[in-house]
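Worksheet: one structure, shown below.
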Amino acid sequence: MTFSDSQSPVRDITEQILATRRITRGDQQRLMVTLLSKDALSSEDRAMIDRIFDQLQRGLLHVVD
Numbered sequence: 063m064t065f066s067d068s069q070s071p072v073r074d075i076t077e078q079i080l081a082t083r084r085i086t087r088g089d090q091q092r093l094m095v096t097l098l099s100k101d102a103l104s105s106e107d108r109a110m111i112d113r114i115f116d117q118l119q120r121g122l123l124h125v126v127d
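Right, here's the structure in full:
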């Protein structure tokens, strides 16, 4: 169950990725841009993005086009 109205867009997309164990190249690129942007990220959003990239690196997520 997600609460889209109360959560950040980063949290919404990372929860979807973790639930399906799939990430698109577009999602991957958006998360990388978000991580590298100068906009402030909450520590929770940064941790969620780090978790996605860690699981991607470990082969626990499937990249789909």
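Residue numbers (the numbering used here): 63 to 127. Virtual Cβ for every residue (Gly too), placed ideally from N, Cα, C.
Environment of residue i [buried if 16+ CB atoms lie within 10 Å]
i	result
Thr76	buried
Leu93	buried
Val125	exposed
Leu122	exposed
Cβ-Cβ separation, residue j to residue i (assumed contact under 8 Å), whole Å
i	j	result
Ile111	Ile79	Actually they are not in contact, since the Cβ atoms of Ile111 and Ile79 sit about 10 Å apart, beyond 8 Å.
Asp107	Arg73	6 Å
Given residue i as reference, the closest of the options once Cα atoms are compared
i	options	result
Pro71	Arg84, Arg83 and Asp89	Asp89
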